[in-house]
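Taken in order, these protein sequences are the chains called D and Y.
Using this note's numbering, the letters of the first sequence correspond one by one to residues 46 to 411.
Using this note's numbering, the letters of the second sequence correspond one by one to residues 5 to 304.
Virtual Cβ for every residue (Gly too), placed ideally from N, Cα, C.
Since the model is a prediction, treat every value here as computed from it, not as a measurement.
Right, one structure below, let's go through it.
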Amino acid sequence: MSEEILRQLWKLRNDPFFPTLDAAGTALRPDALKRSLNPLLDARVLPFYFDIYDWNFSTLARDISPTKGLVSFPDPRTQPSDSAFMFLLLGCRESGLDSLANLILLKIKEVASGLEPLIVEVELAGREKAKNVATVAKLLLETLRNEGDEPPGLEKAVKKMQAAWDREYERQQFNTNADYSDVFQSFRNQLKDLIIRPLVLKIIAGGDNDSWVRIHNAVKRTCSHVIVMTPDIAYAKTAYNSMSTQTQNVAWIRAVPLTRDKAQQFLQQRLSNERVSGAVLPPTRPLLPFLTEAIDVLYEPGSGEKRTEALAHPVGWLRRMLYRALRDRLDSLVAAGVAAAALDLETTLIGAEQMKQAAQLDAKRI
Amino acid sequence: MSSRPAGAWTPGLLALMCAWIPCAQSAETATKKSLPPLEQGVIVVTGLPSVIESRVPYLGDAPPQCIDFSVSVIGKSAPELHITTVAVANARLRELPSNSTEACNITGKSAPRSIFLHDVNATERRVRLFIPSESFPRRAQGEAAKLLLVKLDSPPSEQALLLLRQNPEWQNLIVWLAGVVAPLIAAALSYVIKTAYDRRKAHNESAEAFRRQHATDLADFFGNLYKSTVELETPDEYAKTLERELEAKGILGTLDAGQLDRLRAAVRANDRRLVGNILIHKFPENSEAIRRAHPGDRLR
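Structure representation (structure tokens):
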């Protein structure tokens, strides 16, 4: 029943926000688009990327194509070999930061001739530089240990690295200014002929500009890339400024929340991707089954709110709202038990009321 | 006027009982001397206090004092009794008719300095002694004076008086304040000033030590993160980030309460220029870096 409404009335072959099938009708991997988009798991999610990113401070990695992912990406052959490339990704919760990081990881894989990157995922606690570098070292060792003896000799190398680390940590653990540069050089020597996969450090939360720069200095010859995800614009900008004066190997990309017009473009793109081929829409309903009022209601300022800048929402939140409104409308139509053919299209549309309900339900859930 | 009860009358009565004996003399001395013959007549003065006090009011001048007393002569009546005062400037005397209610100041205006009473016998004659306020001495111990009663056929009789000026409470209060409270206040004030000075001095020293010890960190902060913060677009982001960083770098701890309030108010009001000026004042070593972070603000 819901399939019929989607196809016959709304001219959609799939849920446009969490599609299950690709254009050819083959099932997509659900985890590749469940929360964020992950083309590493399923490259067919690339067309779902909507460019909400500010590339002004990223000359080497920029722009999104539905087929290639990032249009341009730093070529390791043109970069200084002794320094990892650092991506500073700025954005708040649900702003599309994880999807962007996955896009970068996909590109890293591509430039490494398809070798899967080995990702060291780190969440930093606090702003102590030495402590944060130590956390990175510990998690790097743990990640390598989890790889077992693949490639052969890695296990032995990791043991040596661990011993070197233990000695250095014993010596430096109370030194708040320690940079552990010696031990990281030793890591590089142990790994340089062993690990051919790109080693990527991904800082998913915490730290500050000083910590990130210190960490980059520590791992710049061990890791190929460092990805830092942060909601703090001042830290990101400062780290970018400070690194760009020393090396060109830095990019700062900002995930920008969507204004009303951008939100409509996003919805348009999602719907277009899932339109039944050859579908002819009523000229007044380009966003079928959504009415433009449904978008408008999401951008109404709250009572007593005085805003100087335009209201904007993170893309993840917007996707959830649109999905919830569509799903609720579909459920209510199915519950009414009227055959799709007997329904009047105009009575099935998603307008301001339905969207308001969806937003209210989301607010209650939070 | 205030009068002395009980013992205060004793010298006067003795003197009157024996007209030859001065009032200041003790009773013992008096009894040893020979009494005058009753035929000569004995002058008796009643109702005259030996101590006369003038109470200075809180405001304005003290009023004159009028002391009414009675004079009689026991024994042989005196055809003429001359009464005057000694050592009381501008004192006036007037014989009062019985039941007179004459106002004191009227007496002062019209009465003579000495009076003659005629045919004084055992019948009491009322006399008023008027003492203007300026006659009362300023000295704390008072001024000795006399009432002199002269009868033609006998030596003069003296009635000793002590004139005292009673200062008002507030004068005592002023003396007390000047003597006790003022030094205490001065001491407390100097303690407070010294403590504040010491605290400020210690604070300045610790701030200077902080600047010295963290010179590299501060230069790094003002040259980098501070600049990025000043460049933040929204006032909310600016205020939130700057307060967090000033706290984290220990900079807020170097400010005294007043400076801290001023800085916080400027940060929250998004007055970036004022914030820059406050920080330049506190961190002169970093003034160039702070100025660079405010290219359009023309900081001091």
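Exposed or buried, which one is residue i when buried takes at least 16 other CB atoms within 10 Å?
i	result
Y:Ala115	buried
D:Gly70	exposed
D:Ser287	buried
Y:Ile189	exposed
D:Asn83	buried
D:Asp336	Reading off the sequence shown, one finds Leu at residue 336 of chain D, where the question assumed Asp. Under this definition D:Leu336 is a buried residue.
Y:His122	exposed
Y:Glu212	exposed
Y:Glu43	exposed
Y:Lys205	exposed
Y:His298	buried
D:Phe219	exposed
Y:Ser30	Here Y:Ser30 scores only 43 on pLDDT, less than 50, and its place in the model should not be relied on; the value that follows carries that caveat. Classification of Y:Ser30: exposed, given that the 10 Å Cβ count is below 16.
D:Pro64	buried
Y:Asn94	exposed
Y:His285	exposed
Y:Leu20	Per-residue confidence for Y:Leu20 stands at a pLDDT of 45, beneath the threshold of 50, marking its modelled position as unreliable; the derived number appears in the next sentence. Flag for Y:Leu20 reads buried.
Y:Ala261	exposed
D:Thr393	buried
D:Gln291	exposed
D:Asn254	buried
Between which two residues does the beta strand (DSSP E) carrying residue i extend?
i	result
D:Asn147	Element bounds for D:Asn147: not the beta strand (DSSP E) but the alpha helix (DSSP H), 142–156.
Y:Lys165	It should be noted that the sequence gives Leu, not Lys, for residue 165 of chain Y. Taken as a continuous stretch (DSSP letters only), the beta strand (DSSP E) holding Y:Leu165 covers 158–170.
D:Lys265	Looking at the DSSP string, D:Lys265 is not in any beta strand (DSSP E), and its letter there is neither H nor E.
Y:Pro97	It should be noted that the sequence gives Leu, not Pro, for residue 97 of chain Y. Unbroken beta strand (DSSP E) run through Y:Leu97: 96–99.
D:Ile272	270–275
Y:Gly262	No beta strand (DSSP E) contains Y:Gly262, which is instead part of the alpha helix (DSSP H) from 261–272.
D:Val165	163–168
D:Gly114	114–117
Y:Cys245	In the sequence under discussion, the amino acid at residue 245 of chain Y is Thr, which differs from the Cys named in the question. Y:Thr245 -> not in any beta strand (DSSP E); alpha helix (DSSP H) instead, spanning 239–252.
Y:Gln69	69–78
Y:Thr50	46–50
D:Lys247	244–250
D:Arg101	The sequence given here places Asn at residue 101 of chain D; Arg does not occur at that position. First-last of the beta strand (DSSP E) with D:Asn101: 98–102.
Y:Arg302	Premise fails: Y:Arg302 is in no beta strand (DSSP E) and is neither H nor E.
Y:Ser58	55–59
D:Val301	It is not in any beta strand (DSSP E) - D:Val301 carries neither H nor E in the DSSP assignment.
So residue i contacts chain Y; which residues on that side make the cut at Cβ distance below 8 angstroms?
i	result
D:Arg216	Residues of chain Y passing the Cβ test: none, with the nearest at roughly 23 angstroms.
D:Thr392	By Cβ distance, chain Y contributes nothing, its closest Cβ being about 43 angstroms from D:Thr392, past 8 angstroms.
D:Lys282	Ser232, Glu235
At a CB-CB cut-off below 7 angstroms, which residues of chain Y make contact with residue i?
i	result
D:Ala279	Leu229, Ser232, Thr233, Leu236, Thr245
Applying a beta-carbon distance threshold of less than 9 angstroms, which residues of chain Y neighbour residue i?
i	result
D:Met172	According to the sequence displayed, residue 172 of chain D carries Arg and not Met. Per Cβ cutoff of 9 angstroms: Ala252.
D:Asn286	Asn228, Lys231, Ser232
D:Asn254	Asn228, Leu229, Ser232
Run down chain D in chain order and give the residues with a C-beta less than 7 angstroms from the C-beta of residue i.
i	result
Y:Thr241	Looking at the sequence shown, residue 241 of chain Y is not Thr but Glu. Ile278, listed in chain order.
Give the range of the alpha helix (DSSP H) segment to which residue i is assigned.
i	result
D:Ser322	Premise fails: D:Ser322 is in no alpha helix (DSSP H) and is neither H nor E.
D:Asn234	226–236
Y:Ala191	186–217
D:Ala109	It is worth fixing the name first, because residue 109 of chain D is Ile in this sequence and not Ala. It is not in any alpha helix (DSSP H) - D:Ile109 instead sits in the beta strand (DSSP E) that spans 107–110.
Y:Ala293	291–297
Y:Arg277	276–286
D:Val178	174–191
D:Ala414	Coverage of chain D is limited to positions 46 through 411, which leaves residue 414 of chain D absent and any answer about it impossible.
D:Arg138	Premise fails: D:Arg138 is in no alpha helix (DSSP H) and is neither H nor E.
D:Val203	199–217
D:Val90	Counting along the chain, D:Val90 falls outside any alpha helix (DSSP H), and DSSP gives it neither H nor E.
Y:Val234	230–234
Any 3 or more C-beta pairs closer than 8 angstroms across the region 100–108 of chain Y and the region 170–183 of chain Y:
Between the region 100–108 of chain Y and the region 170–183 of chain Y there are fewer than three C-beta pairs closer than 8 angstroms, too few to call the two in contact.
Under 8 angstroms: do the region 299–309 of chain D and the region 158–168 of chain D share three or more Cβ pairs, one atom per stretch?
Fewer than three Cβ pairs drawn from the region 299–309 of chain D and the region 158–168 of chain D lie within less than 8 angstroms of each other, which leaves the two stretches out of contact.
At what residue ranges does the region 89–156 of chain Y contain a whole run of the alpha helix (DSSP H), taking only runs of 4 or more?
The region 89–156 of chain Y contains, as complete alpha helix (DSSP H) runs of 4+ residues, the segments 108–114 (chain order).
How about the region 131–141 of chain D and the region 272–286 of chain D: do they share at least three Cβ pairs that are nearer than 8 angstroms?
Contact holds: three or more Cβ-Cβ distances are below 8 angstroms.
Touch check for the region 256–266 of chain D and the region 100–110 of chain D: three-plus C-beta pairs under 8 angstroms?
No contact exists between the region 256–266 of chain D and the region 100–110 of chain D.
Sequence ranges, alpha helix (DSSP H) only - wholly within the region 324–391 of chain D, length at least 4:
Segments of the alpha helix (DSSP H) lying fully in the region 324–391 of chain D: 337–343, 360–381.
Counting Cβ pairs closer than 8 angstroms, one from the region 312–326 of chain D and one from the region 52–60 of chain D, do we hit at least three?
By the Cβ criterion, the region 312–326 of chain D is in contact with the region 52–60 of chain D, since at least three pairs of Cβ atoms, one from each stretch, lie closer than 8 angstroms.
Would you call the region 69–77 of chain Y and the region 42–58 of chain Y touching, i.e. three or more CB-CB distances under 8 angstroms?
Yes, the region 69–77 of chain Y is in contact with the region 42–58 of chain Y.
Check whether the region 190–209 of chain Y and the region 225–241 of chain D touch, using three or more Cβ-Cβ pairs below 8 angstroms as the test.
Judged by Cβ distances under 8 angstroms, the region 190–209 of chain Y makes no contact with the region 225–241 of chain D, as fewer than three pairs qualify.
Validate contact between the region 90–106 of chain D and the region 230–246 of chain D using beta carbons, cut 8 angstroms, 3 pairs:
By the Cβ criterion, the region 90–106 of chain D is not in contact with the region 230–246 of chain D, since fewer than three pairs of Cβ atoms, one from each stretch, lie closer than 8 angstroms.
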